[in-house]
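Chemist:
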Amino acid sequence: MKNKTFAILVLLVLLPAFVMCGDDQGAQPGKNGNSGTASTLYPSGTLDPATVSADKPVSAKQLYEAYFAWNGKKVTIAAYPYIPYMRETQKVEKDLRLRPDTEAKDSLLTALFAESPGREVAKDELVAVQGTLKMSWTGKLELTNAVFVDAPAALEYKETSPWVYDGVTPIPLKNFHAFFSIWIDKEVLVEGYYHSTTTSTTSYGTTIRVDLAEPGDIYKKYVACEMKEAIPETVNKNLVDKREGVQIKGILKGESFSIVGLEECVIVNR
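When you line the sequence shown up against the working numbering, it's residues 3 to 272, in that order.
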């Protein structure tokens, strides 16, 4: 009887400890809030690029906000210097091109320093640079007002998103660049308010572009759709007569005049 009573007491003492351990594990989606499930990385109202497809429409404004989400944010990038002309080292004055690893033949990002660091870097040296991300219309990535910070001991993949990233945890350049390349050549179905159609003719041919705004924000363009072929007159009339809820399918190619640019576009519901 004493043994049985002792066993019950031990169980009562240990049970809360097991419960607390279980709760603690479930409360930690990832280090520094930088990793976790899709629901924690992409809060309600934001787009997870992995779930965007040509089968389900997304709003023009949401697509715009998702594509440019990193633009203007403070980020810290871990990478290797890109040093041209077969040199081993370089003194950093105003800028430094960065590559994802020591075997890469080209850079993926350029750090622009507000003040000259005057630091000597080697091409096989892992460095970390912090600054404000700027997405160029050329597709190139830049860090403005950049400064050197302590580099990590090694490159470590970070599962994060622009909505939860803390700005200071170093992200490997290859990892970071993938956040942008995942959008490129992705076929999407976008829905918005018909803003306008622009036709331009050059020696290369005629380009027809349909711009989409958002209901309630009809003067700001969010997505530019370069049409695959000429728009029939009946469809043109329908666009003007019923501007809201226009759905266009196309392939995302990057930035177009500071908004999201789609190509090979077709209007699916007019």
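A virtual CB, placed ideally from N, CA and C, is assigned to each residue, including glycine.
So Leu-135 is in the beta strand (DSSP E); what residue range does that whole segment cover?
Modeler: Start and end: 129-137.
Chemist: Which term fits Met-88, buried or exposed, when burial requires 16 or more other beta carbons within 10 angstroms of its beta carbon?
Modeler: Burial call: exposed.
Chemist: By the DSSP assignment, the beta strand (DSSP E) with Val-268 in it spans what residues?
Modeler: From DSSP, the beta strand (DSSP E) with Val-268 extends over 261-269.
Chemist: Given Asn-147, which residues of its chain have a CB within under 7 Å of its CB, disregarding the five upstream and five downstream residues?
Modeler: The residues are Ala-116, Gly-133 and Thr-134.
Chemist: Identify which residue in Ala-153, Ile-186, Ala-130 and Pro-154 has its Cα closest to the Cα of Ala-52.
Modeler: Closest option to Ala-52, Cα to Cα, is Ile-186.
Chemist: Give me the Cβ distance between Thr-48 and Trp-165, rounded to the nearest whole Å; I'm assuming they're in contact under 8 Å.
Modeler: Contact holds; Cβ gap of about 6 Å.
Chemist: What residues are listed by DSSP as bridge partners for Gly-47?
Modeler: In DSSP, Gly-47 forms no bridge with anything.
Chemist: Counting pairs of beta carbons, one from the region 200-216 and one from the region 86-106, are three or more of them closer than 8 Å?
Modeler: The region 200-216 is not in contact with the region 86-106.
Chemist: Can you tell me whether Tyr-196 is helix, strand or coil according to DSSP?
Modeler: Correct three-state label for Tyr-196: strand.
Chemist: Within the continuous alpha helix (DSSP H) that includes Thr-236, where are the two ends?
Modeler: Element bounds for Thr-236: 235-243.
Chemist: Enumerate, from N- to C-terminal direction, the unbroken beta strand (DSSP E) stretches of 3 or more residues contained entirely within the region 195-231.
Modeler: For the region 195-231, whole beta strand (DSSP E) runs of length 3 or above, ordered along the chain, are 207-215 and 225-229.
Chemist: Within the region 73-138, note down every full alpha helix (DSSP H) run reaching 4 residues or more, in order along the chain.
Modeler: DSSP runs (the alpha helix (DSSP H)) wholly in the region 73-138: none.
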